[in-house]
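Below is one structure, written out as C-alpha cells, with a few remarks after it.
There are 2 protein chains.
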Amino acid sequence: MSEVAERLGVVEGAIYRIFPTKHQLVIAVTCDWYQEVMASYEAGLDEITGVHEQLRFVCKHHIDCIYYYPELVNVFFSSLRMSREYSGSDLLKFNRRYANRVIRILSEGALSGELRRDKSPKLGRDILFGAIEQATWGYRMGRADLDPAEVAGNIADLVYDAYACVPRSTGEGDDEIARQLVSISDQLRRLAEGRKS
Amino acid sequence: MSEVAERLGVVEGAIYRIFPTKHQLVIAVTCDWYQEVMASYEAGLDEITGVHEQLRFVCKHHIDCIYYYPELVNVFFSSLRMSREYSGSDLLKFNRRYANRVIRILSEGALSGELRRDKSPKLGRDILFGAIEQATWGYRMGRADLDPAEVAGNIADLVYDAYACVPRSTGEGDDEIARQLVSISDQLRRLAEGRKS
DNA sequence: AAATTAAATGAGTCAATGTCACTAATGGCT
DNA sequence: AGCCATTAGTGACATTGACTCATTTAATTT
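Protein chains in written order, with my numbering: chain A, 329 to 525; chain B, 329 to 525.
Printed below as a string of C-alpha cells:
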C-alpha cells in the first residue's frame, strides 16, 4: 500500500477512502484487467466455428493471459480465488462467464452429435482450466519457459479426444472405415456451416 | 505462531530455534502429513492392476486427501506451492514422486498398446491433478459438498478416454461405425432443416 | 463570499513475524 | 557427585504492514 500511495503521490490513508481494504483494491484492479481480457476473448471466440478449433482458441487465449501477466495471475490464483470476498465479487462473475463458454462449446458439441453425451461439460471445463493451471506452474514460478501455442494445442487435443465420439487420427493408420466416415462427417459439417452464413 | 507457542506451552521465540521462519514450520508440518499420505498411496497403488483402475485409484486417493484435510490442502495450494522455498524443499520431491506415478501409469499403458502414443504422459498428469483441483474448489471454499468417489470416477474416465486407443463404451450401444452414422444422419437432418428456413 | 461536501494528511494503533542477549536445563565425562 | 558443553527457553525489543481517525485542505455549490 505504501508503494501504491507513493506512486499515486498521496499518503497511504488516502487510498482507504476509496478502497476499504487492500484486498478490495486488488480485486478492483484485477476486475479491470479481466474486463479487457474478456473483450478479446468473446470477440475472438465468436468468429470461430468447430468444436476443436474453439477449444484450441480458449486454451490459447487463456495461456496467453498467463504468459503476459504471470504475476497478476498468480495473485488471482493464490489470494483472490481463495478469499472470502471472492464469492459475490464481480471477479467471480467474470470468471464464470469466461468458463461458461467452454461449457457451451462442449454442450453444443454433444447436441450436434460430435461429442459424447455421457460426460459432463462442467467436468470438461475443470479439465481444461485445471490442466492449463498445472501446465503453466513452472512458467509462473519463473522456473521454466512456456510455448503458449504448443501447450494450448496439446490441451485442446486432449480435451477434444476425451469428449469426441470419434477420436481424431492417432497417426498410426487405424480403421479405414472409421476414418472415411469422419471425413464425410467433417465435410457435411462444413457444408452445413457454410450454408448458414 | 503465538497460538502454536501457546499450545506447546512455550514462548514464541522458542519456535524460531528449531524453525527459522514460520514458512519453514508450515512446510515441515505439511511434509509430515505428505509422508503419511504417501504410504497409503503407494501401498494401495501397488496392489492395483489395469490402467483405468489405477487412474481411478489415484483420483480417489487424491480427492480423499482434499476431502479430509481441506484447510491443509488450501495452504499447500495457495502459500506453499507458490513460495520461493518450495523449489528445493522436500515437499516438491514428495509431490513429484506422487505425480510421477501417474506418468508411469500412462507411459506403461502406452507401451502396452492400450493407450495412444501421441500424447504426452506429463500432460495427462497435469490434466488429472488440475481437474481435481478445479473440481474440488467449491468444497475447499466451504461452498459446496463433494462426493470423492463420483468425482474420482468421472475424472479417471475422462483421462482414460483421452488417452485410450479404443474408447470405453459410451453406454449407448456402442459400435463405432453405427455411432458415426448417427452423427452423419443428424447432420443431414439439420442440413435439410436449414434449407427450409 | 460563505457554506457545505469531499479529499488528503500524518500521527498513531494493532497484530504479527522475527531478533537477540541472557538464563535454565540437559546429558555426557571424569 | 560435580563440572562442562551444548541445547532449549525466555522476555524484551525491533520491524513491518494493514488500517484508523481527528484534523486540515481543497473543491463545489449556493
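Positions of the beta carbon are idealized from the N, C-alpha and C atoms, including for glycine.
Item	Value
Would residue 455(A) pass as a contact of residue 487(A) if the rule is Cβ separation under 8 Å?	yes
By Cβ distance below 6 Å, which residues in the same chain neighbour residue 369(A) in space, the five residues on each side in sequence not counted?	389
To which residues of the same chain is residue 481(B) closer than 7 Å at the C-beta, ignoring the five residues directly before and after it?	384
List, in chain order, every chain A residue whose beta-carbon is nearer than 8 Å to that of residue 417(B).	Those within 8 Å of residue 417(B) in chain A number zero; the least Cβ separation is about 13 Å.
Residue 501(B): buried (16+ other C-beta within 10 angstroms of its C-beta) or exposed?	Any reading at residue 501(B) must be qualified, since the residue scores a pLDDT of 44, below 50, and its modelled position is unreliable; the value itself is stated next. Exposed is the call here.
Under the three-state reduction of DSSP, which class applies to residue 353(A): helix, strand or coil?	helix
Count the other CB atoms within 10 Å of the CB of residue 489(B); is the residue buried (16 or more) or exposed (fewer)?	buried
Can you tell me the Cβ-Cβ gap for residue 366(A) and residue 426(A), rounded? I've got them flagged as a contact below 8 Å.	7 Å
Does residue 483(A) get closer than 8 Å to chain B when you measure Cβ to Cβ?	yes
Mapping the DSSP letters down to three states, classify residue 451(B) as helix, strand or coil.	helix
Of the residues that make up the stretch 458-482 of chain A, which ones have a beta carbon closer than 8 Å to any beta carbon in chain B?	458, 459, 460, 461, 462, 463, 465, 469, 471, 482
Is the CB-CB distance between residue 393(B) and residue 403(B) below 8 Å?	no
Can you have a look at residue 346(A) and say buried or exposed, based on whether 16 or more other CB atoms are within 10 angstroms of its CB?	exposed
Looking only at its chain, what residues have a beta carbon closer than 7 Å to the beta carbon of residue 433(A), apart from the 5 residues adjacent to it on each side?	379, 382, 383
Pairing CB atoms from the stretch 446-454 of chain B with CB atoms from the stretch 412-424 of chain B, are three or more of them under 8 Å?	no
In chain A, which residues lie with their C-beta within 7 Å of the C-beta of residue 410(B)?	402, 406
One question on the structure: do residue 408(A) and residue 483(A) come within less than 8 Å of each other, judged by their Cβ atoms?	no
Can you have a look at residue 396(B) and say buried or exposed, based on whether 16 or more other CB atoms are within 10 angstroms of its CB?	exposed
Less than 8 Å between the C-beta atoms of residue 406(B) and residue 410(A), yes or no?	yes
Checking 8 Å against the spacing of the C-beta atoms, do residue 363(A) and residue 457(B) come in under that value?	no
What residue range does the alpha helix (DSSP H) around residue 379(A) cover?	379-396
Say whether chain B places a C-beta atom closer than 8 Å to the C-beta of residue 392(A).	no
Mind checking if residue 490(A) is an interface residue toward chain B, Cβ cutoff 8 Å exclusive?	yes
If residue 476(A) and residue 391(A) are in contact, beta carbons under 8 Å, what's the gap, nearest whole angstrom?	4 Å
Hey, does residue 355(B) have any beta-carbon neighbour from chain A nearer than 8 Å?	no
Look at the alpha carbon of residue 474(B) and the alpha carbon of residue 339(A), and state the distance between them as a whole number of angstroms.	46 Å
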